[in-house]
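Asks:
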Amino acid sequence: MFIGEFHHSIDAKGRLIMPAKFREQLNECCVITRGIDQCLFIYPIEEWKILLEKVNGLPVNRKDARQFSRFFLSGACECEFDKQGRINLSTPLMNYAGLSKDCVIIGVSNRIEIWEKEKWTQYFDFSVDSILDIAENIGFDL
């Protein structure tokens with residue numbers, strides 16, 4: 046399970062240090078792809094296989110299923126960590142998420158998300174103001 050919030054910087058070559066806590070759980074290899082809300086999603090290989098089965102189960106004759114599959118899978122790439130615990134982020138993924146230097150890495154149960162720092166701050170500030178309503182709307186009792 047991935048939990049927590051970490052602040053890191055992307056270097057000039059597009060490399061990002063993954064928090065040691067997360068690296069240990071990813072076992073030296075992971076899949077990174079476009080996420081929802083203009084962030085990046087990182088999955089351990091085992092979780093990626095489960096997700097891939099779900100995507101492969103979508104009906105190909107439905108336009109929205111094809112569109113979702115293309116969006117989610119076309120940017121996906123398998124990543125390994127270098128000796129310093131960094132991953133290389135591709136230019137298309139960095140462009141999608143608006144990443145340039147400062148970013149926030151968060152654990153969200155079965156996945157990791159990478160956010161551009163300012164986008165994360167705006168998203169979080171907006172969510173904080175409405176979290177009680179959100180919890181109520183989804184039927185989540187704290």
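Take the sequence shown: its position 139, counting from 1, is numbered 184 in our numbering, and each next residue is one higher. Positions of the beta carbon are idealized from the N, C-alpha and C atoms, including for glycine.
(1) With H, G and I counted as helix, E and B as strand and the rest as coil, what does DSSP make of Val105?
(2) Using alpha carbons as the reference points, say which of Phe47, Phe51 and Arg79 lies closest to Leu71.
(3) Let me make sure I understand the geometry here. Which of Pro104, Ser154 and Tyr141 has the alpha-carbon closest to that of Glu50?
(4) Just how far apart, CA to CA, sit Glu98 and Thr166?
(5) Do Lys162 and Asp147 have their C-beta atoms within less than 7 angstroms of each other?
(6) I'd like to know whether the C-beta atoms of Leu16 and Ile77 end up nearer to each other than 7 angstroms.
(7) Where do the N-terminal and C-terminal ends of the alpha helix (DSSP H) with Phe51 fall, by residue?
(8) Which residue marks the beginning of the beta strand (DSSP E) containing Ser154, and which one marks its end?
Replies: Taking the structure as given:
(1) For the purposes of this step, residue 105 is identified with residue 60 of the sequence shown, where counting begins at 1. Val105 falls in the coil class under three-state DSSP.
(2) As a working mapping, residue 71 is identified with position 26 in the sequence shown. Here the closest residue by C-alpha is Phe47.
(3) As a working note, residue 50 is residue 5 in the sequence shown. That would be Ser154, whose Cα lies nearest to the Cα of Glu50.
(4) Taking the sequence shown and counting its residues from 1, one reaches residue 98 at position 53. Taking the sequence shown and counting its residues from 1, one reaches residue 166 at position 121. Their Cα atoms are separated by approximately 33 angstroms.
(5) Walking along the sequence shown from the start, residue 162 turns up at place 117. Walking along the sequence shown from the start, residue 147 turns up at place 102. Between Lys162 and Asp147, the gap from beta carbon to beta carbon is short of 7 angstroms.
(6) For the chain, the structure presents residues 46 to 187; residue 16 sits outside this window and is missing.
(7) Taking the sequence shown and counting its residues from 1, one reaches residue 51 at position 6. Segment Phe47 to Ser54 is the beta strand (DSSP E) holding Phe51; no alpha helix (DSSP H) there.
(8) Here residue 154 corresponds to residue number 109 of the sequence shown, with the count starting at 1. Here the beta strand (DSSP E) through Ser154 covers Asp147 to Ser154.
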